[in-house]
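S.K.: Residue numbers (the UniProt record's numbering), protein chains in the order written: chain A, 1 to 223; chain B, 1 to 223.
The beta carbon of each residue, even a glycine, is placed where N, CA and C say it ideally should be.
2 protein chains.
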Amino acid sequence: MTQAKSFAPTERTTPTRSRERASYDEATVHAILDEGYVCHLGFVRDGAPVVLPTLYGRVGDRLYLHGSTGSRPLRMAGGTAETDPGLAVCVTVTHVDGLVLAKSAFHHSINYRSVVVHGIAHQVIDEDEKTAALDALVEHVVPGRTADSRPANAKELAATAVIRLDLREVSAKIRTGGPNEEPEDLALPYWTGVLPVSPVYGAPIPADDLAPGTPEPAYLSAR
Amino acid sequence: MTQAKSFAPTERTTPTRSRERASYDEATVHAILDEGYVCHLGFVRDGAPVVLPTLYGRVGDRLYLHGSTGSRPLRMAGGTAETDPGLAVCVTVTHVDGLVLAKSAFHHSINYRSVVVHGIAHQVIDEDEKTAALDALVEHVVPGRTADSRPANAKELAATAVIRLDLREVSAKIRTGGPNEEPEDLALPYWTGVLPVSPVYGAPIPADDLAPGTPEPAYLSAR
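(1) Rounded to the nearest angstrom, how far is the Cβ of G119 of chain A from that of V89 of chain A, given a contact under 8 Å?
(2) I'd like to check one pair, V100 of chain A with V194 of chain A: are the Cβ atoms closer than 8 Å?
(3) I'd like to confirm the pairing. Which residues does DSSP put opposite K120 of chain B in its beta bridges?
(4) For the alpha helix (DSSP H) containing A219 of chain B, list its first residue and its last residue.
(5) With a threshold of 8 Å, are at least 3 pairs of Cβ atoms found where one atom belongs to the stretch 30 to 41 of chain B and the other to the stretch 133 to 149 of chain B?
(6) Give the residues from the stretch 102 to 129 of chain A that approach chain B closer than 9 Å (Cβ to any Cβ), ordered along the chain.
(7) By DSSP, does D185 of chain B sit in helix, in strand, or in coil?
(8) Just verifying my parser: in three-state terms, what is the DSSP assignment at R145 of chain A?
(9) Since T94 of chain A and P199 of chain B should fall inside the 8 Å C-beta cutoff, what is the C-beta to C-beta distance between them, to a whole number of angstroms?
(10) Is G213 of chain A buried or exposed, if buried means 16 or more other CB atoms sit within 10 Å of its CB?
(11) I'd like the span of the beta strand (DSSP E) that includes I174 of chain B, first residue to last.
(12) Mapping the DSSP letters down to three states, classify D166 of chain A as helix, strand or coil.
(13) If we cut at 8 Å on Cβ distances, does F43 of chain B have a partner in chain A?
(14) Taking only three categories from DSSP, how would you classify I125 of chain B?
(15) Is S198 of chain B close to chain A, meaning its C-beta is less than 8 Å from at least one C-beta of that chain?
(16) Can you confirm whether T160 of chain A, when its beta carbon is compared against all beta carbons of chain B, has any partner nearer than 8 Å?
(17) Determine the DSSP secondary structure at H40 of chain B, reduced to helix, strand or coil.
(18) Taking the Cβ atom as the reference point for each residue, do T10 of chain B and E169 of chain B lie within a distance shorter than 8 Å?
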C-alpha cells in the first residue's frame, strides 16, 4: 500500500479556527496549485506587508514565481548567489467554487479551495532551471502552449527574473457543501443552498496582426 | 464639469514597472472592488508575511473585512478601543479577464484588473457600523440577499469580528488588449490572441434541508 505523502503542520500552518477545513495532503495541495496560475505573493517591505498578484508554476515540490528583474520582490529576493538570504514570502492560491446561502446572514459563506505556502524565496540563477520554470509558468496558464510558441532567447531570459519557493511549510484549506444552519432557523422561508461558480473560458479572440487562416490550436478549444 | 476624483500616488503605490497600467481614479478603483468579494489580506506576523483569502465589502471610502473574533489578523488588529494602534495590512483584489498568447513565450501575459490597498486596519466596535459592514459583505457576495435572510442577532454580532480599512493609499493596475510582439516574430506560424475568462455562475443547488417548493430568488438567476 502506498503511503499518502503529507506536509508536516507547523504553528503557522495550523488555523486558529475551522481546523476541520485544513489539509496537509500533498496530492490535495498539488491539485489546488496546478489548477491555478495567479497567486497572491506577500512579502514585507519597510516593515509593512505587500500583496501582489503574480503568475506561478509548479515543478515537483517547488513553486516558481514570475517577475521582471526590475520588480521589487524580485530585487529584494537578493542577488544571484545561492548564499543570499532570500526573501520571506507567503504565497496564497485561492479557487472560489460557490456562494453558500444560509437562512441567517451570519452563516453565509463561500465554498473554496486555497493553499498557503510560507517560506524563503530565492532568485533562480541556473539558466536551465530558469528555462524549465518559465516553461512551467506558460504551461500552467495554457497547457500545451510551450511547444507551440517561440522559446525565450538569451536576452529575454536575462530580462526575466524568476523566484523559487520550496513547498515545505504548506497547508490547504477547503470548504465544500451546503450551508450550516441554526436548527431554529430551518422554518424560515428563505431559499438556501449553493450557487456554484467557476472560471469559464470564452471563444478565443485572434490578435489584430494574426495572419488570416492561422488555425486555432486544439489546446485552446479544450479549455 | 465634474472633476474625477483620484487617489494621490505614494511611493509604494507607484509601480516600478508597467507604470502605464497603473490607475488612481476613484471610480475605476471602486468598480474593481465592487465586482469582487474575496480579497487577499496581507499582514506581518513575527516578522514574516501572511496572506489569507478573506471576504470583504465596500461602504463609501472604506473596506470592511470579515473574520471571527478568534482569527489571528482580527486579534492582531487590536482591542476595542479606537486608540489602538491597529494592524498594518495590504489588501489586494484581482480579477483575471483573459490569457494573452503571443508568438514568443516571453510575451505571454494575463489581462487583469487589480486593486492594492495599503493602510492600517482597525476593529469595528460600533454595533451599527458592524451591522452595516456585514450587510455590505453579504451584498457583495449576493446582491439582494441582505433583505432576504435573517439579520444577525446580538450573539452572532458578538462572535463576528470586522476590520475596517480606509481607502486612502490605493492603486489599480489594469492590462487589456492583445499580445505585444517583437516585429521579427510576426511571421511565426503560432496562433496569437486572447482567451477570455470570467467567473460563471451555475444553476443554484438547493440545500438538503430546504423545504420543497421554496421559490428560487430572482437575484440568483440574475447572476
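M.R.: Inspection of the coordinates gives the following:
(1) 7 Å
(2) yes
(3) The sequence given here has Ile at residue 120 of chain B, not Lys. The partner list for I120 of chain B (beta bridge, DSSP) reads B:A88.
(4) First, the amino acid is wrong: residue 219 of chain B is Tyr here, not Ala. That run of the alpha helix (DSSP H) goes A218 to S221.
(5) yes
(6) A102, K103, S104, A105, F106, H107, H108, S109, I110, Y112, S114, V116 and H118
(7) helix
(8) coil
(9) Going by Cβ atoms, the distance from T94 of chain A to P199 of chain B rounds to 12 Å, so no, they are not a contact pair.
(10) exposed
(11) E169 to R175
(12) strand
(13) yes
(14) coil
(15) yes
(16) yes
(17) strand
(18) yes
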